[in-house]
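Protein chains in written order, with our numbering: chain P, 1321 to 1819; chain H, 2 to 283. Okay, so here's the structure we're looking at.
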Ligand code: HEM
């Protein structure tokens, strides 16, 4: 990552603590002044969304655990107790159940973002690996959690999935018995799943910490796929990235609230409101929506062991992705052919999801087989070949150059906007002359907009006081930022703003 | 521009995953799709119709309760806000009409006593075997959660539209359709076992072990509502929705405010974000 001046505590107590545990500088350097490419678009905000969802799941989960009873004869009743008798228990429980879905939604968006912009390529392979590990752990957490309410779908999903292990040659049956703690899914299974469901989120939290650590070693990728060459091409994480992230979190939570409050059972299966009955198999055992593509792959292979292998391979193949896609051009922005195949892959995954919800019979099986083969072909065939045949567009020299050339239309539009701003500035100036002091700031700003190269951007005008929570408390980073702002000003091309 | 298009496309695609994924699998040649009915409690601003809940409770008590239990409902729930809202005295009086088992007493004996508001609804049968013996071999399921526990298929494109209209009433639509959908004679070529009844809506395969429970004028309404099967079915279905989701009104009430709060917060955050980013030239 670009070198940044490490933060030095200003107060004696800060310095005292710094010598013993450099936690203040850690937070400031990693989450306040940390340089992020200024070209990041909204697809980069989902990491924050994911962090918020993890915290929501942890808090609601811990509260649920206070009221939940992990026993085959009481689990279902205890969920109804939470829903009816615990104060706001319905809110906590629906939040947790729907939260899992939205957690996965954010995760899938986050991962497809990586696929599109080549974020898994050097030097981010390890960062990517930890992401895939998080996906695996989340899937296990989601699966063990779904068993806890002990409804019909809980019970039969547990039966179907644990039974997959019986496909392991030789020891399969013993392994299943060992996993279940008996010959069929029963109380021992429920209790161990509960134990794991409490443990795994903690492991996720640890994996997330390592994921973020790795991120802060190599820095964020960005839509151009070109590494920032100087601090000019970056902005401090706070307030720029944080503000954008928080905004998207609010929008994401809005969508979450729409489901949570108005249709909390939309994403769940009604059969899970029927208590588990080992003697009655539901007509269709359907997993939660986020498992459907994997479920489709599992059932597409006619052989049981083959299906299990294919299902796990569909995720494991992601570990190899940094080497399967060996093109030196990172971002899909500059690879038209790659982009086409990216969207075909997205469509293929959607198709697999749809097929996962359909019964494994007739034409559905054949389509699923085709979609499964295509899924693997994308990674094992298409991507390596694209490295040979893709004709990437000419890469710009730097982020700054990329921004200047990427779309001229935007620049033209910005020019027009700048012109308008000049006119408005003139207006404001007239008003200011007339003695209206309140518009002084606006005038100053308009002034620098009028000059396309505001080399001497006045910090006072550019940084309205109080708009920066961090700046108010951390004066050192403020100085640093102002310095960066000055440099930035001179590097900036057209006075264009991109959100 | 292209990035906007791509974002839009991806959003649409992800929305599609979400929706297609939740379609219940359809089995070959099965039950009729229950038509959508009007329910006062549907949508973000939905509220229970208290008079309807009370009528539904009456139907349940007088007809269904002889076979169906209501084990997650305690008598005190009948007095709670956002539901039937009987007064404390009314609740006590209703409870007193039922007997529950208690004990052991000082002599070590179990005994029966009139129910109190804190007691749960007593089960109609001692156990499921007794229930099945009395009902053509199938024990009547507990009614507390039935309104949420039946996967009546919505089909495409309804299930996509449902996400935007917040349709959560497939279960009550199903109960209404089931109760009003009995046919005296099965269609030609369909064999029904002795004692079972033909019902094209029944999810378990058209031959249902529940004999048609409702007929016109079976229950005497006090508020002048017409004593028809149609009204009984509607009212008892609404009551069963309440039994399954007694916190629905509280949830939607909080939901509207939470939604508004987040919308305004989002708008403000956007403005702040815009203002901050104005400082960054490209
Ligand atoms: C990575 C984060 C997590 C995910 C993805 C997740 C997922 C799930 C899912 C899918 C369910 C079933 C929801 C339902 O149908 O009710 C569930 C239930 C549950 N979870 Fe989690 N969970 C997470 C974290 C936690 C944590 C940290 C705890 C406690 C320490 C916890 C405790 C519970 C309990 C007690 C239940 C059963 C109650 C219920 O069914 O609603 N979860 N979880």
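Note that CB positions come from ideal geometry on N, CA and C, so glycine has one too.
Residue 1610 (chain P) and residue 1454 (chain P) have their C-alpha atoms roughly 15 Å apart. Counting C-beta pairs with one atom in each stretch, the segment 1542 to 1550 of chain P and the segment 1709 to 1725 of chain P have three or more that are closer than 8 Å, which means they touch. Interface flag for residue 215 (chain H) against chain P is unset, since no Cβ pair is found closer than 8 Å. For residue 1471 (chain P), the three-state secondary structure derived from DSSP is strand.
If you check the CB distance, residue 125 (chain H) and residue 70 (chain H) come in under 8 Å. For residue 129 (chain H), none of the residues of chain P pass the 7 Å Cβ criterion, the least Cβ distance being about 10 Å. Listed in chain order, the alpha helix (DSSP H) elements of length 4 or more contained wholly in the segment 141 to 174 of chain H are 159 to 166. The shortest CA-to-CA distance from residue 210 (chain H) to any of H:277, H:183, H:137 is the one to H:137.
Residue 1642 (chain P) sits buried, since 16 or more C-beta atoms from the chains shown fall within 10 Å of its C-beta. Comparing alpha carbon positions, the residue from P:1655, P:1572, P:1528 closest to residue 1437 (chain P) is P:1655. A contact between stretches requires three or more CB pairs, one per stretch, nearer than 8 Å, and the segment 127 to 135 of chain H fails this requirement with the segment 178 to 192 of chain H. Straight through space, the alpha carbons of residue 170 (chain H) and residue 1614 (chain P) are spaced by roughly 30 Å. Two segments are said to touch when three or more pairs of C-beta atoms, one from each, lie closer than 8 Å; by this definition the segment 55 to 66 of chain H does not touch the segment 249 to 258 of chain H. Chain-order list of chain H residues neighbouring residue 1593 (chain P): 146, 149, 150, 245, by C-beta distance under 8 Å.
The way I'd put it, the segment 1444 to 1451 of chain P doesn't touch the segment 1655 to 1667 of chain P; fewer than three beta-carbon pairs between them come closer than 8 Å. If you ignore the 5 residues before and after residue 88 (chain H), its C-beta comes within less than 8 Å of the C-beta of 80, all in its own chain and listed in chain order.
For residue 1681 (chain P), there is no enclosing alpha helix (DSSP H), as DSSP gives it neither H nor E. Boundaries for residue 114 (chain H): no alpha helix (DSSP H) harbours it, while the beta strand (DSSP E) harbouring it runs 112 to 115, taken from the DSSP string. The DSSP assignment places complete alpha helix (DSSP H) segments of no fewer than 4 residues inside the segment 1668 to 1714 of chain P at 1683 to 1697, 1703 to 1709, in order along the chain. Using a CB distance cut-off of 8 Å, residue 161 (chain H) does not count as an interface residue toward chain P. For residue 1509 (chain P), the enclosing alpha helix (DSSP H) begins and ends at 1507 to 1538. Partner residues in the beta bridge of residue 199 (chain H), as assigned by DSSP, are H:184, H:208. Here residue 1601 (chain P) carries a coil assignment [DSSP, helix/strand/coil]. Think of a sphere of 8 Å around the beta carbon of residue 1541 (chain P): no beta carbon from chain H falls inside it, the nearest being about 15 Å out. Counted as a single uninterrupted DSSP element, the beta strand (DSSP E) harbouring residue 103 (chain H) occupies residues 100 to 103.
The beta-carbon of residue 1369 (chain P) is placed no less than 8 Å from the nearest beta-carbon of chain H.
In chain order, 256, 259, 260, 263 make up the part of chain H whose C-beta sits under 7 Å from the C-beta of residue 1577 (chain P). In the assembly as shown, residue 53 (chain H) is a buried residue. Its beta-carbon has 16 or more other beta-carbons within 10 Å.
With the rule of 3 Cβ pairs closer than 8 Å, the segment 1380 to 1394 of chain P does not count as touching the segment 1484 to 1504 of chain P. Shown here for residue 120 (chain H): same chain residues with a beta carbon closer than 7 Å to its own, the five before and five after excluded, namely 75, 76, 96, 101 in chain order. Neighbours of residue 1410 (chain P) in chain H, taken as residues whose beta carbon is under 7 Å from its own, are 248, 252 in chain order. Out of P:1528, P:1550, P:1467, P:1629, the CA that lies nearest to the CA of residue 1509 (chain P) is found in P:1467. Secondary structure at residue 1596 (chain P): coil, using DSSP grouped into helix, strand and coil. Residues of chain P whose Cβ lies closer than 7 Å to the Cβ of residue 167 (chain H) are, in chain order, 1582, 1583. In the three-state DSSP reduction, residue 1342 (chain P) falls in the coil class, being neither helix nor strand. Its Cα nearest to that of residue 218 (chain H), the residue H:231 stands out among H:231, H:272, H:33.
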